[in-house]
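These notes concern the structure reproduced below.
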Amino acid sequence: MELPNTNERVAINTSEKVNNDIQMYIQNSIYFYRRNPQLIEQRLDELDKEWDIERVLETNASSLIVASSALGFIASKKFFFIPFVVGTFLLQHALQGWCPPLPILRRLGYRTTSEIQEEREALQNIIKGIRHVTRN
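First residue of the sequence shown? That's 7 in our numbering, and the numbers climb one at a time after it.
The following block contains the structure:
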């Protein structure tokens, strides 16, 4: 079994419509900030704080593992099955780029690091272009 490229694994496991919606969001953002360059620094700060899909998945998975493990000790050993399932899904995501919550989170607009970086670089290029023009 050949594993997908790290930078592409989430996108290839996301519906074409959702990928297109995310790309449209990026393009609309670039269009907006090209016309409002005074707001770019603020947007770059927002991008620094944006949680990528990996961070969201890891946080949700670890929260479920901790909570269900505690319940396994306190309430019922049956709760120990949840960390097993969550760990399996997390492993599947790490290897293949897919896990059950991925489609939902992507539809909610969570982006990959590459997608966030794509917007960041485009905005930084706008700033560089403005600085170049004002120097000349």
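Heads up, the beta-carbon is just placed ideally off N, CA and C, and yes, glycines get one too.
Can you find the residues in the same chain that come closer than 6 Å, C-beta to C-beta, to A17, ignoring five residues on each side of it along the sequence?
N25
If you run the structure through DSSP and keep just helix, strand and coil, what is T65?
helix
Please list the segments of the alpha helix (DSSP H) lying wholly inside the stretch 90–120, counting only runs of 4 or more residues, in order along the chain.
You should have 108–113.
Do N13 and W104 count as a contact pair if the criterion is CB distance below 8 Å?
no
If we count Cβ pairs, one from each stretch, closer than 8 Å, do we get three or more for the stretch 121–132 versus the stretch 81–101?
no
Excluding five sequence neighbours on each side, which residues of the same chain lie with their C-beta closer than 6 Å to the C-beta of F86?
G78
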